[in-house]
Amino acid sequence: MFKKIHFFFIIIYFSCSSYQFQNNEIKDENISVSDEVNLKDKISQMFMLRIDGKFHNKESWGKKDIEYFIRNYKIGGLITFSGNIHGTYSNIKHYQNISKIPLFIASDYERGLGVFINGTLFPTNMALAATGDTTFSYLQGKITAKEAKAIGVNFILAPVLDINNNKDNPIINFRSYGDNPNIVSKYGIPFINGIQDQGLIACAKHFPGHGNTNTDSHTKLPIINVSKDELYSNELLPFMKAVENGVKSIMTGHIVLPSLDDKNIPATFSKKIINDILINDWQYDGLIITDALEMGALTSNVWHGESAIKAIEAGADIILLPLNATSAIESVYKAVQTGRISKERIYHSYNKIMNQKNSMDLFNLKDNKWIDVEDEIASYANRAVAKKIAEKSITLVKNNKNIIPFKPSNYKKVTHLLISTDNDLRTRLKSFSRDVKYIHGNVNEIYVNDELSSLGKEDILNKIKKSDLVIVSMLIRISMDKGISTIDASHNDLLKKISLMNVPTIGLSFGSPYLPNYSYLDAYLCTYGYGSVSLNAATDALFGRKDIVGKLPLSLSEKFTIGSGIELKKNIKIFDSSLNINLDESFNIINNAISDSIFPGAQLFVSKKNKVLINQSFGSFTYEKDSKLVSNESIYDVASLTKVLSTTPVAMKLVQKKLLSLDFYLSDFYPEFKKGNKKNITVRHLLTHSSGLPAYIEYFKSDKILNKSDIIEDIVNLDLEYVPDEKMVYSDLGMMLLADVIEKVSDSNLDKLSNRYFFKPLGMSKTSFNPLDKDIAVPTEYDDYFRMRLIKGEVHDENAFILGGVSGHSGLFSNATDIGSFAKFFLNEGIYLGRRYLKKNLIKEFTTKIKNPVKSDRALGWDTPSIKVSSAGDYFSNMSYGHLGFTGTSLWVDPEKEIIIVFLTNRVHPSRNKKGIYKVRRELHNSIMTNIKEY
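Numbering-wise, my numbering comes out as the position in the sequence shown, counting from 1, plus 960.
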C-alpha cells in the first residue's frame, strides 16, 4: 500500500542525522528533503489522534473526521481506546489502508489488551512487582506485543516508570511498580524488552517522573518540589535505565519540577528538561512523545495551539491528542512560517519518525488476517500467564487471628461490607461478592457508595452486631479526575467503630493498597487491582485455594514495609488436625469382633468438628495366617454406600445444574411408565425408595439377562408392588434405574460423572469403580455359585457385576479416609478446601428426613437413624444421616454434633451368611459417641 513513497523514503532515510539544541538553536547538516511530502504533511506526521474500537458506518462523523486528517493532512498516527476486538481490528485496518504513509497505531496497554477490549487482561504493575519475579514482566510485555500486533497496534504506551513515592498520588498509584526506583527499574526494563523483542515500540512514561505528587495532571498542573539530587536518585533513575537499555520512545509528563527548570513550566514545555537532560546529557535519540495535550494540566493554562508549539520547541517528536488537531497543526505550521520553529526542527522529528517506521518494516506492512487475531488474542496460554501473575501477587499484610484462610464452617453469619467512593462498586466487585456469598451461603451484603453520616454508620453497626465475621472489600480505584487514593474518611471511621465490636474483620483492598489505618483490621489482603484476574485471585487467596506468596513492593507504614508479606500454603487438608486418640473400649469391640470371626479386618475413621480423632486400621484381609494386614491405604467394596457416595451426590449436582429435577416423571424417559400408577413415579420416589418397585431381583441367575440394557428393560416393564408414596421399600432396582436416568440427562456415565464432580476435586484418590490396583483391595466373598472364585478388586454384588461394575446401587471401592473427607464435605455444607461444589440448600434438602411415606426413615438417597433401634446407636442426633453397605460398611454424619464415623469391614468374607455385624455397629457407635464428648 505504500509503494508510491518507497523511493522518496530511501532519500530521506540516508539523509537523516542527529541534532542537538545548543543555545536554543537546532543544528542539522542535511535539511534538504524531497518536495513530495510538503511541510504541512511533515508537521502532521508528528501528530497522533484519537480513535476507538467501536463499529462506525461510513456516514459516521467520527470516522469521516479521521479519514479527513489521514487523506488531507497525512497524519502520523492514531491512538485507539475502548471498544471491541472486531471494531478495533476493522478500524485500524481501514485507516492503514487509506493512509499513503503507514500509521503509528498506539494504545495504553499498561495491563494488556484487556484494558480496552477483550484481550488478555493482566494485573497492575504494582501487582506484578509483588510477585518478585521479573520473568512475568517480560512475558507480559511479550504477550501484550503479540496480541497488539495481531490486531494492528504497533506502539505500546507503556510501561509507567513513575515511582509512587507519594501515597496520596491520585493517578499513578498501582500503575507504578512501587515506591523505590530500583524496583521500578527492575520490573519496567523486562517489560520494555518483551515489547520491543516483538518488533513494537515501548514507551517509558511519564518523564521525568509523575509519582511524587498528590495532584492529577488530567485536571491540574502538578508541582514536584524536591531537590535535583533527589530527582536524580529517585524519579529520573528508571528513565535513565530505560535509555541505557534502548527504549524506543519516552513520554513527557505535564509536571513542574522547579529544581530542573526554574521557569516553573511543565516538563513537556521545558527545553532544560527535554532537550538538555534527555537529548543532550543522556544522548537519547529515540522518539519523544508528549502526554495528551487535552489534559487539564495544560488546557487550563495554555491555548492548545501554543501547547503543540511549546512541546516541539522543547524537543517533542510526537504530539499526542491535541484538543483541536486542525488548530494545533496550523499553529505549528504558522510558527514555522514566522520563523519561531525552524524547518530543520520539523525535518528532524519527521526523519526520526520515518526512520522508526522503516525500521519496523511498516512500509512493507503485511496485511494482518483475522485468523491471526483469533489465534493470538486472549489465548488460553496468554490468560494462564495473567492468572499466575495475579495469584502470586496477592499479599497478606497481616493475619492476627489466623482467620485467613477463611473457613466458612467456622462462621455461621457473615457480613460482607463493600465500600467505595466509586459509583460502579457493585459492577466492579460483582464476581468477588458473588463468590463469597455462594461459597459461604449465609452472607449479608452491605454496599456503601457515599460518605456516611453518623446515622448511616450506626445503622450498619446494628446490622453487624449479630455477625460472626465481617469481610470488608474496599474498591479504591485510581482514575482520571478522581483525586483520592484511599478510602473515604467516614468509611475509615466506620472501620474503627467495627474494630471496637470484637468481631473478627478481614479487609481486602481492590486497587490502591493504602489505608488511613491498618490496625482496624484483623487481616489485610492486598490485590493491587480490580480486574477479573485479580478478583479471582483474591477469592482463591481468601479461601485458601492457592498459596499466598506476594510481598509489598512499597511501604504502607513503618510496620508494613517493602518486602513485607505473610506467606501461607494453600489448604490441602479438609481437617485442621489429626489426634489419633486411643479409645481402648471402642478398639476392643472391633478386635473382639475379629476374634469372633465376624470380619477379618476393618477401618475406622472418627472426626469431631475440624479434628480427626481416629483413622486406624485393624486385622487383616482374610483369616489366613499369612494374610496381608489392613492399612489405611487398603480399599473396601463399600456396596450400598455407592448410593450416597456416587449416585445421590451426582443427582444433586445435576439438579444444581438444572439438568435434572426431583419432580421429573420417569415416563419422560421410559414410555412403559405412562400407564397406571407408574405414570406418577418421579425421580424423588427413586431416591426415597417409595416408587413401588421391588427391592431386588437376582438377574444374575437369569439366562435371558445378559447386560445393562436387558436389566433396564426388565425394570421398566415390572409391575409395581405397591402404590407410589404408600410406603418405603428399600430398592436397589430404583437406584439402578436412577443411574440410567442420570446418564440419559447428562449424556455421560455414572463413574465418569462421579470422578469429575467429586472424587477428583475432593482428592478421593482411592475411590473408584473397577479399581485398577487390585492388590490393595480387601477381598469379599468366596463365590461358589456364580463366579466360582474369591472376589477381590471386583464388585461383590452380582447385578452390579453384570452391569460392568458400575451401577447406581453398588460397585464403588473406597477407604475410610476418603469417605471421611467426603462426609466432611457434606458437613461443611458443600464446601471443600474453599470451593463450593454443592449448594447449601441442596445438602439440607437431601439429608433431611422425608415426611412421606409417614413411617419412613429415609431422606433423599440417604438414610437417617431408625425411629426404633438403629445400627447408628443411641447418641446420634435427629439431624443425622448416613447409610449402610451389605459388605459390612457404614457411614454416619451428625451435623448438630459435627461428628463423622466411618466403619468399613468385609464381613461377607468368606461367606455372606455370617451374623453379628448389626450388634457390633451399635456397640461401636455408642462407645465412640460416649468417649469423645470431651474432644
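Beta carbons are placed, not taken as given, at the ideal position from N, Cα and C, and that holds for glycine. Just so you know, these numbers come straight off a predicted model, no measurement behind them.
Taking the Cα positions, lysine 1879 is about 7 Å away from serine 1831. For arginine 1796, the three-state secondary structure derived from DSSP is strand. Remark: C-beta atoms of aspartate 1277 and lysine 1223 do not approach each other more closely than 8 Å. Assigned with DSSP and collapsed to three states, glycine 1013 falls in strand. In the DSSP assignment, the residues bridged to glycine 1072 are Glu1070. Annotated as distal: glycine 1765 and lysine 1734, with beta-carbon spacing of 8 Å or more. Each residue's CA atom was taken as its position, placing lysine 1506 and alanine 1497 some 8 Å apart. Methionine 1086 counts as buried, since at least 16 other C-beta atoms from the protein chains shown sit within 10 angstroms of its C-beta. Remark: fewer than three beta-carbon pairs, one from each stretch, lie closer than 8 Å, so the segment 1260 to 1269 and the segment 1236 to 1246 are not flagged as touching. In the displayed model, glutamine 1243 falls within coil according to three-state DSSP, outside both helix and strand.
Counting the other CB atoms within 10 Å of its CB gives glutamine 1100 a total of 16 or more, which places it among the buried residues. The residue from Tyr1596, Thr1824 and Phe1746 with its alpha-carbon nearest to that of proline 1731 is Tyr1596. Relative to the Cα of leucine 1844, the nearest Cα in the group Leu1460, Leu1160, His1264 and His1769 belongs to His1769. Arginine 1749 is classed as exposed because its beta carbon has fewer than 16 other beta carbons within 10 Å across all chains shown. In the displayed model, serine 1621 falls within coil according to three-state DSSP, outside both helix and strand. Within the segment 1024 to 1073, the complete beta strand (DSSP E) segments at least 3 residues long are 1037 to 1043 and 1064 to 1067, listed from N- to C-terminus. DSSP places leucine 1647 within a helical segment (H, G or I) once states are collapsed to three.
In the DSSP assignment, the residues bridged to glutamate 1405 are His1376. Taking the Cα of leucine 999 as reference, the smallest distance to any Cα among Thr1355, Val1296, Asp1448 and Leu1851 is reached at Val1296. Excluding residues up to 5 positions away in sequence, Tyr1098, Gly1101 and Lys1102 lie with their Cβ nearer than 6 Å to the Cβ of glycine 1154 in the same chain. Per DSSP, tryptophan 1330 is one residue of the alpha helix (DSSP H) stretching across 1330 to 1336.
Closest in C-alpha terms to serine 1774, from the list Met1461, Ala1737 and Ile1665, comes Ala1737.
Secondary structure of alanine 1276 (DSSP, three-state): coil. In terms of Cβ geometry, aspartate 1685 and proline 1870 do not form a close pair [threshold 8 Å]. Isoleucine 1888 is a Cβ neighbour of leucine 1543, given a cutoff of 8 Å.
The segment 1170 to 1181 makes contact with the segment 1121 to 1134, as at least three CB pairs between them are under 8 Å. Annotated as proximal: alanine 1338 and threonine 1080, with beta-carbon spacing under 8 Å.
DSSP, reduced to helix, strand and coil, places alanine 1562 within a strand of the structure shown. Lysine 1568 is positioned such that its CB atom lies no closer than 8 Å to that of isoleucine 1791.
Sorting Ala1202, Val1566 and Ala1164 by C-alpha distance to the C-alpha of histidine 1885 places Val1566 at the top. For tyrosine 1484, the enclosing beta strand (DSSP E) starts and ends at 1483 to 1486.
Ranking Gly1794, Lys1106 and Thr1807 by CA distance to the CA of isoleucine 1532 puts Gly1794 first. When the beta-carbon positions are compared, lysine 1352 and aspartate 1628 stay at least 8 Å from each other. Of the candidates Glu1681, Val1683 and Tyr1659, the residue whose Cα lies closest to the Cα of glutamate 1673 is Tyr1659. Residues Ile1762 of the same chain have their beta carbon placed closer than 8 Å to that of leucine 1666, with the five preceding and five following residues left out of the count. Assignment of beta-bridge partners to tyrosine 1596 by DSSP yields Ser1774.
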